[in-house]
Each structure stands twice: as C-alpha cells, then as structure tokens.
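Student: My questions all concern the structure below.
Number of protein chains: 2
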Amino acid sequence: MPGSPVPDPLRGLAGYLLRRAATAAVAELNRRLARLGLRHADVALLMLIEAAPDISQSAAGRVLEIERANMVPFVARLERRGLLGRRRLDRRSQALELTRRGRLLLRRARRVVAAHEAALLQRVPRRLRHAVLPVLMALWSPGRGG
Amino acid sequence: MPGSPVPDPLRGLAGYLLRRAATAAVAELNRRLARLGLRHADVALLMLIEAAPDISQSAAGRVLEIERANMVPFVARLERRGLLGRRRLDRRSQALELTRRGRLLLRRARRVVAAHEAALLQRVPRRLRHAVLPVLMALWSPGRGG
DNA sequence: TATTGTTATACTCTATAACTATA
DNA sequence: TATAGTTATAGAGTATAACAATA
C-alpha cells in the first residue's frame with residue numbers, strides 16, 4: 023500500500039475511522055439483505071420484537087433510538103408486508119408481534135447477519151479480535167443517554 | 023446496571039454496536055462543533071485541504087467518499103463563509119485552498135476534535151485502548167472499494 | 001474517451017411541533 | 001400530567017442521471 027487515499031490527520035482519528043467503518047458496514051449489510059427485501063433497521067426491529075415479544079411501538083423506538091414519529095411509517099411498512107402484527111394492549115398502546123411470515127424471514131435474515139458479522143470480524147487481525155466487541159461497547163457507552 | 027435497554031441479540035453484534043457508536047460519536051462531535059458553526063464533515067474537508075493543499079474538488083470528494091455532485095453545495099457553503107477559496111488549475115479543475123479565516127477556524131476546530139478524541143478513548147478500558155485504532159482501521163479496510 | 005464541475009432530482013434518515021385519545 | 005400513536009413537515013445526507021466544457 024504505497025499511499026492510503028486518506029491523509030494521516032484523518033486516518034489517526036478514532037471518530038473518523040468509526041464513522042467510515044460504520045457507514046461501510048451498514049452499506050455492506052444492506053447489500054447483503056437486499057435479496058430479502060430488508061434493510062438493516064428492519065432486521066434490528068424484527069430481532070428486537072423476537073427478543074422482547076409484545077414490546078410496544080414506542081418502547082421499541084426508545085430501544086432502537088428511533089423517534090416515535092418515525093416509528094409509524096416504519097412499522098406500518100413491515101405490517102403491510104405481513105412481517106409483524108399489532109395487538110392492542112390497552113386503548114393507546116399496541117404490542118408488536120412477529121407473524122409467521124416475519125419469523126420465517128427473520129430466520130433467513132439472521133443467517134445473513136451472521137455471515138456479515140463473520141466477515142467483519144475476519145478483517146480484524148486475530149490477536150485483536152477479542153477486543154472488537156468490548157471496544158465498540160465502550161465507545162458507544164455514554165451515548166446511551168444522548 | 024440491572025438491565026441494558028438493548029437486548030442481547032443486538033448487543034452482541036459488532037455491526038450494530040459499530041453503527042450505534044458511530045452515530046452517537048458523530049452527534050456528540052457535531053454538538054461540540056456547533057459553537058464554531060461547523061459540522062463534522064466541514065472539519066474533515068478543512069483538514070483534508072490542509073493536509074493536501076490544492077487538492078481538487080473532485081479528488082477531495084473521492085477521498086471523503088462524497089459524490090462529486092454533492093461536493094458542489096458543500097464547498098460553496100464553506101466558500102461563502104470565507105473559509106476556503108478556489109484557484110483554477112486548468113480550465114476545468116480548481117484547487118481548493120484554505121483562506122486565512124479557514125486556517126484560523128480549523129485551528130480551533132482541531133482542538134475541539136482533539137478533546138472529542140480524548141473523550142472517546144477515555145471510555146475504553148485502558149488495557150484495550152491500544153486496540154481502538156487498529157480495530158477500527160481493520161473494520162473499515164475492505165469498505166474502501168465499496 | 002474520460003474527467004470536472006454543475007444542475008436537477010429523489011430517496012432515506014432524522015428531528016420537531018402539534019394533535020387526539022388515553023393512562 | 002404524562003404517554004402512545006399519529007400527522008405534517010423540514011432538514012440532513014446520499015445517490016443517480018444528464019449536460020457542457022475540457023483533458
């Protein structure tokens with residue numbers, strides 16, 4: 023590698039590397055998921071509902087940090103595709119639940135995600151691989167509050 | 023921490039952690055830069071021009087992976103603010119150069135970036151800190167082609 | 001032929017304000 | 001009073017197609 027296209031002042035910045043790595047990884051995952059007609063956020067929501075059955079739409083938005091307002095068309099689209107359903111909890115909250123079709127598609131999506139994860143980790147030198155999850159969790163940590 | 027708001031299936035995914043960490047970090051940097059009237063991408067371009075003086079608009083876009091078409095309003099805005107100027111190289115390329123005002127503002131921006139970098143690294147346990155840049159570079163690496 | 005800067009355009013993602021009906 | 005779902009809307013960021021001028 024005679025000369026990286028990205029100059030030293032940016033290559034040495036964790037924040038810059040973090041952003042570039044993330045956008046590249048998201049784009050790659052979206053490409054992998056395209057044949058299932060899914061986007062990365064779709065899979066995150068489906069996985070969340072599976073892990074927390076009957077979570078409400080608002081609560082799901084809080085976990086994924088998606089604004090309540092933006093959850094509406096997001097959930098509606100997946101519902102229109104028959105991947106999830108809604109069941110009224112009380113007269114203002116509604117539980118999200120996977121349909122049979124949603125569960126089946128999630129099953130396939132999970133394999134795509136697993137392949138993507140493996141590809142990500144294989145890029146990291148073996149001696150550093152154990153550090154990947156702890157480092158990313160640490161970098162994220164205080165962002166949880168905003 | 024009795025229970026993380028994010029369920030295990032997502033917490034264990036490098037891709038998910040990567041994206042959440044990156045969006046949180048970018049948002050935090052943008053907050054820090056707000057008092058200078060700058061966004062993270064502005065600083066990246068200013069730093070790039072400083073490191074590669076007289077780089078063309080298209081070449082800068084290639085380095086930062088910003089489409090040629092999107093560079094136009096981006097550069098124009100910074101030029102209107104008097105932070106950078108353009109000088110014709112030949113009759114179709116133009117060299118980007120920092121103005122005096124651009125250099126002075128970049129000086130302040132670099133301090134903000136340095137503080138942000140320090141904050142990011144301090145979140146990481148000391149024993150893992152050495153791994154941050156190598157891990158991020160590795161995760162990014164093959165994304166350079168697309 | 002390929003590249004530079006440009007315009008126009010569209011799509012995704014994100015953010016905010018406001019409304020209603022409920023708790 | 002606070003919350004859930006909703007509507008409307010605006011702003012980023014990103015992507016593509018096309019064009020004229022130039023290399």
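Taken in sequence, the protein lines are chains U and H.
Sequential numbering of the first sequence, starting at 23, is according to this note's numbering.
Sequential numbering of the second sequence, starting at 23, is according to this note's numbering.
Don't be surprised by glycine CBs; every beta carbon is placed ideally from N, CA and C.
1. Tell me where the alpha helix (DSSP H) around A74 of chain U begins and ends.
2. From U:A131, U:A46, U:R33 and U:L161, pick the residue whose C-alpha is nearest to that of L105 of chain U; which is it?
3. Is the beta carbon of H138 of chain H sitting closer than 8 Å to the one on G37 of chain U?
4. Leaving out five residues before and five after R108 of chain U in sequence, what residues of the same chain have Cβ atoms less than 8 Å from its Cβ?
5. Report buried or exposed for R166 of chain U, applying the criterion of at least 16 other Cβ atoms within 10 angstroms of its Cβ.
6. Using a Cβ-Cβ cut-off of less than 9 Å, give me the residues of the stretch 32–51 of chain H that come near chain U, in sequence order.
7. To the nearest whole angstrom, what separates the beta carbons of R151 of chain U and L161 of chain U, a pair I think is in contact under 8 Å?
8. When you compare only the Cα positions, how much space is there between V134 of chain U and R54 of chain U?
9. Is L67 of chain H close to the ligand NAP? I mean its beta-carbon at under 7 Å from any heavy atom of the ligand.
10. Is it buried or exposed, A56 of chain H, if we count other Cβ atoms within 10 angstroms and call 16 or more buried?
11. Leaving out the 5 sequence neighbours to the left and right, which residues in its chain are closer than 7 Å to V65 of chain H when beta-carbon positions are compared?
12. Between the alpha carbons of V154 of chain U and I77 of chain U, how many angstroms are there, rounded?
13. Quick one: Cα of M159 of chain U to Cα of L32 of chain H, how far?
14. When DSSP builds the beta bridges, which residues end up paired with A117 of chain H?
15. Please state whether the Cβ-Cβ distance between L58 of chain H and L127 of chain H is less than 8 Å.
16. Check the C-beta distance from V28 of chain U over to V85 of chain H and give it rounded, since I have them as a contact under 8 Å.
17. Please identify the residue among U:R125, U:A46 and U:A91 whose C-alpha is closest to the C-alpha of A73 of chain U.
18. Is there a Cβ of chain H sitting closer than 8 Å to that of S163 of chain U, yes or no?
19. Kindly indicate the opening and closing residues of the alpha helix (DSSP H) around L155 of chain H.
20. Answer with yes or no whether the minimum CB distance from R148 of chain U to chain H is below 8 Å.
21. Is the beta carbon of L40 of chain U closer than 8 Å to that of A44 of chain H?
Tutor: Quick look at the numbers:
1. Secondary structure note for A74 of chain U: it is in no alpha helix (DSSP H), with a DSSP letter that is neither H nor E.
2. Minimum Cα-Cα distance from L105 of chain U among the listed residues U:A131, U:A46, U:R33 and U:L161 corresponds to U:A131.
3. yes
4. Q79, V97, E101, Q116, A117, L118 and E119
5. Unreliable placement is indicated for R166 of chain U, whose pLDDT of 39 sits below 50; no coordinate value is reported for it.
6. L32, R33, G34, L35, A36, G37, Y38, L39, L40, R41, R42, A43, A44, T45, A46, A47, V48, A49, E50 and L51
7. The pair is not a contact, with the Cβ atoms about 16 Å apart (cut-off 8 Å).
8. 7 Å
9. Here there are no bound small molecules, and the ligand NAP is not part of this structure.
10. exposed
11. Only residues of its own chain outside the window of five on either side were considered, and among them L55, A131 and V135 have a CB closer than 7 Å to the CB of V65 of chain H, listed in chain order.
12. 30 Å
13. 11 Å
14. In the DSSP secondary-structure assignment, A117 of chain H is bridged to H:S78 and H:R109.
15. Yes. Within cutoff.
16. In this structure V28 of chain U touches V85 of chain H by the C-beta definition: roughly 6 Å separates them, less than 8 Å.
17. Of the listed residues, the one whose Cα sits closest to A73 of chain U is U:R125.
18. yes
19. V154 to W162
20. no
21. Going by C-beta atoms, A44 of chain H is nearer than 8 Å to L40 of chain U.
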